[in-house]
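The block underneath contains the structure these notes are about, expressed in structure tokens.
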Amino acid sequence: MRWCVIGRMAILLGKPGVDGLSEAVGVLREWQYDRAPMQLHPGDVGWFWRSGGEATAAAVRTWSRGGQLLAVGLLDGPRLLRLTIAPDVHRDEELARQLVEDVTEPERGVLPEGKVNVEAPMGALVQELLTENGWHADEPWTPLRRDLTEPVRDPGVRIEVVGPEKAHVVVAVHRAAFDGSRFTDERWHAMAAGLPYADARSLIAYDDQGHAVATVTVWSAGPGRPGLLEPMGVHRDHRRRGYGEAITVAAAATLRELGSSSAIVCTPSSNVGAVAAYKAAGFQQCAETRDRYRDA
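With the numbering used here as the guide, the letters of the sequence shown map in order to residues 332 to 627.
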């Protein structure tokens, strides 16, 4: 970890370690609110946890001042930092300048040399400062949101909430939905053992013949806060039959049962099929978001 003193204030860049993950996940929960810009969610950390607690801790970075966490980042791969900032310091100039320095200079231990990406909430000052420092806008992503005030309609297919005994079903559908997936039974169990999964559910949709056709994992951030869908996939042999819409409706219903105020999801804008499935399930398309990247 490293201190940077700015005037009378001090910002600490740190790695929480396994024991510190609870605090990082806790503030991520607190920072979720309806109509917030798309940002790092505790469910994103929960999905990463499939690599295990130690790997998750090694991928998390925190920025604090006076003992208070101000920003949390997740290295989702060696060259992508997914960063979010406490709502009351989105426009804090000292913090934003420190974040830019830390992600720009490889010796700080956040991002390496070469081409790298930073995902940060749209409207945060750090986005503008990255642009001023020569970072470019990457391909657009589409966030979508569904209000959960009213009851959710029946999905029209059989839905099962999966426990450890059916982990292999989730894994099989996921691997058939995402080319090149390395998801395994062991990784599902590691994910389910993680802190965020206490408020998560894995779902499977079945067709009329009893085939598992789609899966989704939903992550609550606590009552009255937005819940996240991550990931959702339809088996390649069962696409274009409405199962993506059905499992998404079921995901929204499950999050409502968990007390979530809304359901959120984000997908590449180029994935028009996914955008259409989410909209058919009652999600409203929000303004696009873009990472910032630095050329090699």
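Ideal placement from N, C-alpha and C gives every residue a C-beta, glycine not left out.
Quick caveat, the model's predicted, so the values are computed rather than measured.
Handout entry: Closest Cα partner of Arg381 within the set Pro474, Asp407, Lys346, Pro437
Key = The residue given as residue 381 occupies position 50 in the sequence shown. Arg381 has its Cα closest to that of Asp407, out of Pro474, Asp407, Lys346, Pro437.
Exercise for the section: With a threshold of 16 other CB atoms inside 10 Å of the CB of Asn448, please say whether the residue is buried or exposed. Expected result: Here the question's residue 448 lines up with position 117 in the sequence shown. Asn448 is buried by the Cβ-count criterion.
Practice task
Starting from the Cα of Arg623, find the closest Cα among Gln399, Ala367, Val457, Pro347 and give me that residue.
Solution key: Counting from 1 along the sequence shown, the entry for residue 623 is found at position 292. The shortest C-alpha separation from Arg623 is found at Val457.
Exercise for the section: Tell me whether Ser593 is buried or exposed, calling it buried when 16 or more other Cβ atoms sit within 10 Å of its Cβ. Expected result: Within the sequence shown, the letter at position 262 stands for residue 593. Ser593 comes out buried.
Problem - Contact the segment 478-489 vs the segment 372-390: 3+ CB pairs below 8 Å - result: no
Exercise for the section: Quick one: measure Cβ to Cβ for Glu561 and Asp375, integer angstroms, because I've assumed they're closer than 8 Å. Expected result: In the sequence shown, the residue the question calls residue 561 occupies position 230. In the sequence shown, the residue the question calls residue 375 occupies position 44. Indeed, because the Cβ distance is near 6 Å, the residues count as touching under 8 Å.
Problem - Contacting residues, own chain, Cβ-Cβ under 6 Å from Ala451 (five flanking each side not counted) - result: The count along the sequence shown starts at 1 and reaches residue 451 at position 120. Excluding sequence neighbours, Ala451 sits near Leu414, Val457, Gln458.
Exercise for the section: Report the three-state DSSP secondary structure of Leu526 (helix, strand or coil). Expected result: The count along the sequence shown starts at 1 and reaches residue 526 at position 195. In the structure shown, Leu526 sits in a helix (DSSP, three-state: H, G or I).
Practice task
Whole angstroms is fine: what's the gap from Ser601's alpha carbon to His505's?
Solution key: Position 270 of the sequence shown, counted from the first residue, corresponds to residue 601. Position 174 of the sequence shown, counted from the first residue, corresponds to residue 505. Going from the Cα of Ser601 to the Cα of His505 covers about 20 Å.
Problem - Distance between Ala390 and Thr548 (C-alpha atoms, nearest Å) - result: Residue 548 sits at position 217 when you count from the first residue of the sequence shown. Residue 390 sits at position 59 when you count from the first residue of the sequence shown. Looking at the two C-alpha atoms, the distance is approximately 21 Å.
Exercise for the section: Could you pull out every residue in the same chain whose Cβ sits closer than 6 Å to the Cβ of His499, ignoring the five residues on either side in sequence? Expected result: Within the sequence shown, residue 499 is the residue found at index 168, counting from 1. Only Asp516 meet the Cβ criterion.
Exercise for the section: State the DSSP-derived secondary structure class of Gly494, mapped to helix, strand or coil. Expected result: Sequence index remark: in the sequence shown, residue 494 carries index 163 (1-based). DSSP places Gly494 in coil when its eight states are reduced to three.
Problem - CB contact flag (Val358, Leu400, <7 Å) - result: Counting from one through the sequence shown, the residue named residue 358 turns up at place 27. Counting from one through the sequence shown, the residue named residue 400 turns up at place 69. Taking the C-beta atoms as reference points, Leu400 is found nearer than 7 Å to Val358.
Exercise for the section: May I have the straight-line CA-CA distance separating Pro471 from Leu479, to the nearest angstrom? Expected result: Walking along the sequence shown from the start, residue 471 turns up at place 140. Walking along the sequence shown from the start, residue 479 turns up at place 148. Straight-line Cα distance between these residues: approximately 26 Å.
Practice task
Tell me where the beta strand (DSSP E) around Tyr364 begins and ends.
Solution key: What you label residue 364 is simply residue 33 of the sequence shown in a count that begins at 1. That residue, Tyr364, is in no beta strand (DSSP E); it is neither H nor E in DSSP.
Problem - Nearest residue (CA-CA) to Val420, options Trp394, Arg513, Gly511 - result: As a first step, residue 420 is located in the sequence shown; it is residue number 89 there, counting from the start. The option with the nearest alpha carbon to Val420 is Trp394.
Problem - Reference Thr598, options Ser591, Gly590, Lys610, closest by Cα - result: For this step, residue 598 is matched to residue 267 along the sequence shown. It is Lys610.
Exercise for the section: Work out the CA separation of Thr579 and Leu586 for me, nearest whole Å. Expected result: Position 255 of the sequence shown, counting from 1, holds the residue named residue 586. Position 248 of the sequence shown, counting from 1, holds the residue named residue 579. When rounded, the separation of the alpha-carbon atoms in Leu586 and Thr579 is 11 Å.
Problem - Cβ neighbour criterion (16 or more within 10 Å) applied to Val492 - result: Translated into the one-based positions of the sequence shown, residue 492 becomes position 161. Val492 comes out exposed.
Practice task
Could you tell me which residues DSSP puts in a beta bridge with Gly564?
Solution key: The count along the sequence shown starts at 1 and reaches residue 564 at position 233. Answer by DSSP bridge pairing, in chain order: Thr546.
Problem - Boundaries of the beta strand (DSSP E) in which Ala645 is found, first to last residue - result: With the chain running from 332 to 627 in the structure shown, residue 645 is simply not present.
Problem - Closer than 7 Å to chain D by CB, Thr473 - result: Within the model displayed, chain D is absent; a lone protein chain is all it includes.
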